[in-house]
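Visitor: Here it is, the structure, as structure tokens.
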Amino acid sequence: MKYRSAIVPFLLSTTLMTAAFAADVPEGTQLAADQTFTYRVLDEFSSFDPQVVEDVNGSEVVRDLFEGLYNQNADGEIVPGVALSHTVSEDNMTYTFTLRDDARWSDGKPVTAGDFVYAWQRAVNPELASPYAWYMELMSIQNGAAIIAGEKPITDLGVSAPDDHTLVVQLSQPLPYFAKMVTHATTFPSPKWVIEEHGQEWTRPGNIVSNGAYVLTEHVPKERSVRERNEMYWDNDKTVLERVVTLVIGDEAQGLTRWRAGEVDKTDIPSGQYPTLKEEFPDQAYALPRLCNYYMTFNLKDGPEPFQDVRVRQALSYALDRDVIVDRVLQGGQFPAYTFTPGATDGFEVPEVDYANMTQADRDAKAKELLAEAGYGPDGDTLSFTYLYNTSESHQQIAIVASQMWKQKLGVEVTLENQEWKVFLETRGNQNFELARGAWCGDYNEASTFLDLLTSQSGYNDGKYSNARVDELMAEAKSSQDASPLYFDVEAILSQDMPVIPIYHASTNMMLSDQIMGWPVNNVEQNWYAKDLYKVAE
Amino acid sequence: MFNYTLRRLLTVIPTLLVLIVFSFYLMRLAPGGPFTSEKPLPPAVMQNVLERYGMDQPLYVQLWTYIKNIVFHFDFGPSFAQKDRTVNDVIAQGFPVTLTYGFWSAVFVLVLGIPLGIVAALRHNSIWDYTMTGLAIFSQIFPNFVLAPILVLLFTLSWGLLPGGGWNGGQWEYIVMPAIALGTSYMAGVARLTRGSMLEVLNAPFILTARAKGLPERVIIWRHALKPALLPTLTYMGPVFVYMITGSVFIDVFFSTGGIGQDFIDGAYSRDYSMLLGLAILYSLLTFALNLMLDLLYAWIDPKVRSSL
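From first to last, the protein sequence lines stand for chains A and B.
Once you know that position 331 of the first sequence is 331 in this note's numbering, the rest is easy, because the numbers rise by one and skip nothing.
In short: position in the second sequence from 1, add 1000, done, that's this note's numbering.
As structure tokens, then:
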């Protein structure tokens, strides 16, 4: 017997009011004559190919050009895209998506379930060698891992199209948040006939065929890209913005200058400038919670002996005044962190970990006590270690402030070492460090995207922290209908074991012209869709 | 002269080979690779990626394939960072941009620098001379990364005359600021060099002879003094010109021109080996071609050089 998941009634009801997730223009709004939205990106995109793209800015473009099974609304909740709804089998291992019949590619062909099957097989195809193949593995699609490893043919992937409007996905293990994962670019459909005709050049303007609200009409690498309304898009009537232009501006300060000159509608705020800009442009400077954390990781495998003592780790964590780091050093609306998972994560309520509720004075006193117990401090040995970070001004500021706090409060001697990005990654990945900087951004809006990192088998666990109970809880969470209590327990263990020192949870800082409306300020993944935006007259 | 040119051209091949081999191995000495990232790829995915780019092969095989592809297919390989494009694509798109603003920048340097230097030398120790020298020193203390923001502040933010950046197919409004920002400090250098060598030449015995023959001053300057006085400037402009047309990282990043200067730095940071190597080859070919042109130009200007070729 199959039952409809809790999400389905919700989805069915929202399909009836499609206006709620296209550009929602209140009556009487004076729209700007020129509906062009121009924004700054830092770098050239890695790709416009949904199965290949791996950077945040590239994914933003791909989300406009292509449409997956589901989209996100302004609050980050899933809403119908090409799929109208889905059902889940009783064992939570089979997902059946029903696709809308009015979805079209920009060349007029209908979007079918077969286009998804092709795209998903493509994503795991060793021949394409997509760096994002791991995302399909993360989605636990049956045989995904074996296909990536070259042990099975791509046709064995657990995805099939019984008819043009039905897509069936077979999982290798239950995954409560599976439906949320299909808003990711890697899972978007791709046009087989175009890829076969143009090969690697299929994403060039002129060649590209896409099924999203926009089509790519111009692309000058490292300078600009232009996407324009796709007349074939099923919800085209509701699209308001006519053109979306990206300008590559490598220099943050120059981005701000060009925002001031009115050349771009949106740009990032250079580090440390948020408070002054907020004062100057109260309605246009934003600091929004973001699904990223910032932490320091102890090397528990080859690190210095004292790090094996949990009291030392706790003392170092307690002695860091997060409020000073966030309010005085970074000044970008970040949130002091005492847990690994950001509070903004969907369904995750920040648990009451003990040390978060203490005053900083209490934490400092406790830190001294703990360190003395461990045999370090004024009456014991001097604790000394090296803190490794990658070269960047804000990382350096945090490193300096932290080392000063440790020195003044605990008498700890810290040597600071910075390395170029890739050298740093290699050093940290090979456990050639003592204490190192770390940061993580969620791949999907669920706590496991963060907490999985601290399980023993995680390839991203650079500190090599290992706690059997954490592994157990995280495994259990994978198949649990309500994993929140389990995540609570994991965070509680982490706050005791302190394998990492959480510093802050990040924010997105941006200047956004007050002419641009509909920005999803409550979407912590900052997954925005140009079709939901509109520009009002000055 | 023909033999000389041919000889020089033939030396390019071994030079390039040494450069390729050396750079190829040197780049790989740096820790990390093109696919090292904050979220390390799972081993199976990494294996597929390495296979796709032939990076699972021993280094000497990769090197041999690389050279073979260049020689037989003129293919400089894929870009690891811009996954939809090859190095050929990237250079074909970015180099014309850099060449354009680099060329106009060089024109700006020469058209302004040389006359300034000559005037200063001819009006030695006059108000002209002091103004020019002052101006030159003033310009030289404005490297491009100081000058560019000032230009944008004035022309874009204050007066709204020019766009703050971009390229837009190379319309003139987009070229002005990059060309001036890139050229100004060199222009000062050229002016000072020209002034110095002009002064030296004007005191040389052959100019005294010309004067003694009673030639008019204009003829002395144009026919006799100018050519030898420009030699040091030419020597100076050779490498500067290569630098200009291969793009300044700063100008590319600051003005978002889309030129190739940026790719060199980005390539280094992202360990985009084929991109770096492709650019290194392009740079050395340009350096070589310009040096050869300069040498031929010397020979045309200076009979002493000509006879020694």
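We treat Cβ as the ideally placed atom computed from N, Cα and C, and that holds for glycine.
Does the Cβ of B:L1110 have 16 or more other Cβ atoms within 10 Å, making it buried, or fewer, making it exposed?
Guide: Answer is buried; the Cβ neighbour count reaches 16.
Visitor: Please check the pair B:R1195 and B:G1117, which I expect to be a contact at CB under 8 Å, by giving their CB distance rounded to whole angstroms.
Guide: Yes, they are in contact, since the Cβ atoms of B:R1195 and B:G1117 sit about 4 Å apart, within 8 Å.
Visitor: On the three-pair Cβ rule with 8 Å, is the region 39-59 of chain A touching the region 253-269 of chain A?
Guide: Segments in contact, yes.
Visitor: Whose CA, out of A:L256, A:P306, A:R313, lies closest to the CA of A:A285?
Guide: It is A:L256.
Visitor: Looking only at DSSP bridge pairs, what is A:L425 linked to?
Guide: Per DSSP, none; premise fails for A:L425.
Visitor: Rounded to the nearest angstrom, how far is the Cβ of A:V310 from that of A:Y376, given a contact under 8 Å?
Guide: Going by Cβ atoms, the distance from A:V310 to A:Y376 rounds to 13 Å, so no, they are not a contact pair.
Visitor: How many angstroms separate the CA atom of B:A1188 from the CA atom of B:L1279?
Guide: Using only the alpha carbons, I get a separation of about 29 Å.
Visitor: Residues in the same chain with beta-carbon distance under 8 Å from B:T1036, minus the five sequence neighbours each way, listed in chain order, please.
Guide: Excluding residues within five positions, the ones whose Cβ falls inside 8 Å are R1271.
Visitor: What residues of chain B sit near A:A399, judged by a beta carbon separation below 8 Å?
Guide: Simply none; closest approach about 18 Å.
Visitor: Given that a residue counts as buried once 16 or more other Cβ atoms are within 10 Å of its Cβ, and exposed if not, what is A:K301?
Guide: Flag for A:K301 reads exposed.
Visitor: Can you give me, in chain order, the residues of the region 1268-1285 of chain B that have a beta carbon less than 7 Å from any beta carbon in chain A?
Guide: Those residues of the region 1268-1285 of chain B that come within reach of chain A (Cβ to Cβ, closer than 7 Å) are Y1269, R1271.
Visitor: Given A:Y233, which residues of its chain have a CB within under 6 Å of its CB, disregarding the five upstream and five downstream residues?
Guide: So the list reads A213, once near-sequence residues are dropped.
Visitor: Closer than 7 Å by C-beta to A:V182: which residues in its own chain qualify, once you throw out the five before and the five after it? Chain order, please.
Guide: The residues are G68, L69, Y70.
Visitor: Using beta carbons (cut-off 8 Å, strictly below), is A:L69 in contact with chain B?
Guide: For A:L69, the answer is no, since every Cβ of chain B falls outside 8 Å of its Cβ.
Visitor: What are the residues in the region 1036-1064 of chain B lying within 9 Å of chain A by C-beta distance?
Guide: Listed in sequence order: T1036, S1037, E1038, K1039, P1040, L1041, P1042, P1043, A1044, V1045, M1046, Q1047, N1048, V1049, L1050, E1051, R1052, Y1053.
Visitor: Whose Cβ in chain B lies nearer than 9 Å to the Cβ of A:W406?
Guide: Per Cβ cutoff of 9 Å: no residues; A:W406 is ~26 Å from chain B at best.
Visitor: May I ask you to verify whether the region 242-260 of chain A touches the region 1254-1263 of chain B, counting CB pairs closer than 8 Å and requiring at least 3?
Guide: Enough Cβ pairs lie closer than 8 Å, so yes.
Visitor: Starting from A:N509, follow the alpha helix (DSSP H) in both directions and report where the run begins and ends.
Guide: It is not in any alpha helix (DSSP H) - A:N509 instead sits in the beta strand (DSSP E) that spans 500-512.
Visitor: Could one say the Cβ of B:P1031 lies closer than 8 Å to chain A's Cβ atoms, at least one of them?
Guide: Taking Cβ atoms only, chain A reaches closer than 8 Å to B:P1031, which makes this a yes.
Visitor: Could you tell me the distance, in whole angstroms, from the CA atom of A:P174 to the CA atom of A:G158?
Guide: Going by the C-alpha atoms only, they are around 13 Å apart.
Visitor: At which residues does the beta strand (DSSP E) containing A:N71 begin and terminate?
Guide: Run containing A:N71: 70-72, per the beta strand (DSSP E) assignment.
Visitor: Go ahead and pull the three-state DSSP assignment for B:T1036.
Guide: Correct three-state label for B:T1036: coil.
Visitor: I think A:V61 touches A:S130, with their Cβ atoms under 8 Å apart; what is that distance to the nearest whole Å?
Guide: So it is not a contact: roughly 17 Å between Cβ atoms.
Visitor: Just the chain A side, please: which residues come within less than 7 Å of B:F1254 by C-beta, in chain order?
Guide: Per Cβ cutoff of 7 Å: D251, Q254.
Visitor: Might you give, ordered along the chain, the residues of its own chain that have their beta carbon closer than 8 Å to the beta carbon of B:L1231, omitting 5 neighbours on each side?
Guide: Cβ within range, chain order: S1197, Y1298, I1301, D1302.
Visitor: When the Cα atoms are used, what is the spatial distance from B:I1281 to B:G1077?
Guide: Roughly 13 Å between the two C-alpha positions.
Visitor: Give a yes or no on whether 8 Å exceeds the smallest Cβ distance from A:V500 to chain B.
Guide: Not one chain B Cβ lies under 8 Å of A:V500.
Visitor: Quick one: what does DSSP say A:L566 is sitting in, helix, strand or coil?
Guide: Here chain A covers residues 1 to 538 and nothing more, so residue 566 of chain A does not appear.
Visitor: DSSP three-state call for B:N1291: helix, strand or coil?
Guide: Looking at B:N1291 - three-state DSSP - the assignment turns out to be helix.
Visitor: Along chain B, which residues have their Cβ under 8 Å away from the Cβ of A:P304?
Guide: By Cβ distance, chain B contributes nothing, its closest Cβ being about 22 Å from A:P304, past 8 Å.
Visitor: Counting contacts by CB-CB distance shorter than 8 Å, is B:P1143 in contact with chain A?
Guide: For B:P1143, the answer is no, since every Cβ of chain A falls outside 8 Å of its Cβ.
Visitor: Report the residue from B:L1099, B:R1123, B:M1001 whose alpha carbon sits nearest the alpha carbon of B:I1221.
Guide: B:I1221 has its Cα closest to that of B:R1123, out of B:L1099, B:R1123, B:M1001.
Visitor: Can you give me the C-alpha to C-alpha distance between A:T391 and A:Q419, rounded to a whole angstrom?
Guide: Near 6 Å, if we compare the C-alpha coordinates of A:Q419 and A:T391.
Visitor: For A:R224, decide whether its Cβ has a neighbour in chain B, counting only Cβ atoms nearer than 8 Å.
Guide: It does; some Cβ of chain B falls within 8 Å.
Visitor: Got a sec: which bits of the region 142-173 of chain A sit with their beta carbon under 8 Å from any beta carbon on chain B, in order along the chain?
Guide: Under the 8 Å Cβ criterion, the region 142-173 of chain A contributes A145, I148, A149, G150.
Visitor: Give the range of the beta strand (DSSP E) segment to which B:W1172 is assigned.
Guide: Note, B:W1172: premise wrong, no beta strand (DSSP E); alpha helix (DSSP H) at 1172-1202.
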